[in-house]
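Reviewing the structure listed below.
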Ligand SMILES: Cc1cc2nc3c(=O)[nH]c(=O)nc-3n(C[C@H](O)[C@H](O)[C@H](O)COP(=O)(O)O)c2cc1C
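Numbering (our numbering), first residue to last: 20 to 237.
Following this line, the structure appears as structure tokens:
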């Protein structure tokens, strides 16, 4: 599918056809999208809980009660739901895990000193956010949102319907999945599958601000 076509076709799906499931070949590509997303200094401060069973989706739907109940049906009827979680802090174990992965993947084959440089750069960025900007959780959360953005585009290019769900109770989901104990917190979810014929939002035209309102070309 061409890019513009995919951008126009994708929309925030409000009702999913519960009888339609994503094929495994698509699910594999969705996992690749999540894993291959870029992040600042390749810090990869995320974890993804992927629900495809009724039981899994019911657990996630616990975060869509009360004020968020308008999102429960989307979670329960979607084929798959991804809960995007962010690390709340970066400890040395995480830094070493990223460094080991880069080494395993051959990033330091040309010269061994590249390994120390990669680590030092990552640590310098982390320390800037820790001690100067004092915004580590916010910085890490931004990386997760970036991942979600490319995930939505990728899903659209694959012809998969999706809706991002910021309307979830992070505290409930943190407790349900024991996230805080693992230095993680729930950020947002994306429900994926195929639109129901009854979805009112599918027929509505896409609406965006005018180009002259948002671009300054110099
Ligand atoms: C970060 C984010 C959070 C969102 N949260 C919700 C949500 O909780 N429930 C929902 O139905 N739509 C949600 N949306 C969908 C937006 O309302 C929708 O993307 C926007 O109106 C633009 O419409 P379009 O995606 O159909 O082009 C969210 C979108 C984004 C990007």
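Glycine residues also receive a C-beta, built at the ideal position from the N, C-alpha and C atoms.
Source: prediction; values computed, not measured.
With a minimum length of 3 residues, the unbroken runs of beta strand (DSSP E) contained wholly in the region 52–82 fall at 65–70. A straight-line Cα-Cα distance of about 24 Å links residue 228 and residue 161. Counting along the chain, the unbroken alpha helix (DSSP H) around residue 23 starts and ends at 22–28. With a cutoff of 7 Å, residue 186 counts as near ligand 1, since its C-beta is closer than that to a heavy atom of the ligand. Here residue 200 has no same chain residue with a Cβ atom under 7 Å from its own Cβ, once five neighbours each way along the sequence are excluded. Nearest C-alpha to residue 203 among 221, 180 and 67: 67. Contact between residue 32 and residue 182 is confirmed by a C-beta separation of about 5 Å, below the 8 Å threshold. Residue 157: member of the alpha helix (DSSP H) spanning 155–176, first to last residue. Between residue 114 and residue 141, the C-beta gap is smaller than 8 Å, which places the two residues in contact.
The DSSP-derived three-state label of residue 210 is strand.
Across the structure, residue 30 and residue 24 are spaced so that their CA atoms are roughly 12 Å apart.
For residue 91, the enclosing alpha helix (DSSP H) has its first and last residue at 91–96. With respect to the 8 Å criterion, residue 41 and residue 173 are not classified as neighbours on the basis of their beta carbons.
Here residue 136 is exposed: its Cβ has fewer than 16 other Cβ atoms, across all protein chains shown, within 10 Å.
If you draw a 10 Å sphere on the C-beta of residue 218, you find 16 or more other C-beta atoms in it, and that means buried. For ligand 1, a non-hydrogen atom lies closer than 7 Å to the CB of residue 31. In this structure, residue 93 lies away from residue 170, with their beta-carbon atoms at least 8 Å apart.
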